[in-house]
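S.K.: Below: one structure in structure tokens.
Residue numbers (mature numbering (1 follows the signal peptide of the UniProt record, and there is no 0)): -28 to -1, 1 to 117.
Okay, here's the thing in structure tokens:
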């Protein structure tokens, strides 16, 4: 799945990070609906959250060399947001979210340590991006079951 750049790419980095956290919190708080409605709402909220997170990852990778501390904090925030977004979902989604968050945690460590090679960063970025795609696809697939 390839993310398209929509209006979120025009938001400043902190605003996008806030959007991700807000949307993840909204997703985690969807409890008043029936189970089927709740899953449908979760997927519709998860998709833009994942898209915003994907764009944020790209931004943060570019910032690693300029401001590693800010990049590291950004990756850590995204990792927590991804975990929060899937915490009430089925096991497959929690697993995909955990894998994605681990890649983001790895990027946070890379940014803060400044020791990893560019190929390490690229591999972790790709793992995180694929994890976000898998998370959204898994959410919609769980609705079909």
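Every residue, glycine too, gets a C-beta built ideally from N, C-alpha and C.
Since we're looking at a predicted model, the values are computed, not measured.
How big is the Cα-Cα spacing for residue 55 and residue 45?
M.R.: 16 Å
S.K.: Could you tell me the boundaries of the alpha helix (DSSP H) in which residue 52 lies?
M.R.: 40 to 58
S.K.: Roughly how many whole angstroms lie between the Cα atoms of residue 60 and residue 25?
M.R.: C-alpha separation (whole angstroms): 19 Å.
S.K.: On the three-state DSSP scale, how would you describe residue 29?
M.R.: helix
S.K.: Quick check on residue 85: buried or exposed, where buried means 16 or more other Cβ atoms within 10 Å of its Cβ?
M.R.: exposed
S.K.: Is it the case that the CB of residue 116 approaches a heavy atom of the ligand PLP more closely than 7 Å?
M.R.: For the structure depicted, the ligand PLP is absent and the ligand set is empty, with no information on it obtainable.
S.K.: Should the stretch 66 to 73 be called in touch with the stretch 31 to 48, which here means at least 3 C-beta pairs below 8 Å?
M.R.: no
S.K.: Taking the straight line between their C-alpha atoms, what separation do you get for residue 41 and residue 33?
M.R.: 12 Å
S.K.: Any beta carbon of chain B sitting closer than 8 Å to that of residue 53?
M.R.: Among the chains of the structure shown, chain B does not appear; only one protein chain is present.
S.K.: From this set, 113, 92, 62, 102, which residue's C-alpha is nearest residue 73's C-alpha?
M.R.: The residue with the shortest Cα to Cα distance from residue 73 is 102.
S.K.: Whole angstroms is fine: what's the gap from residue 27's alpha carbon to residue 114's?
M.R.: 25 Å
S.K.: Which of the three DSSP states, helix, strand or coil, is assigned to residue 98?
M.R.: helix
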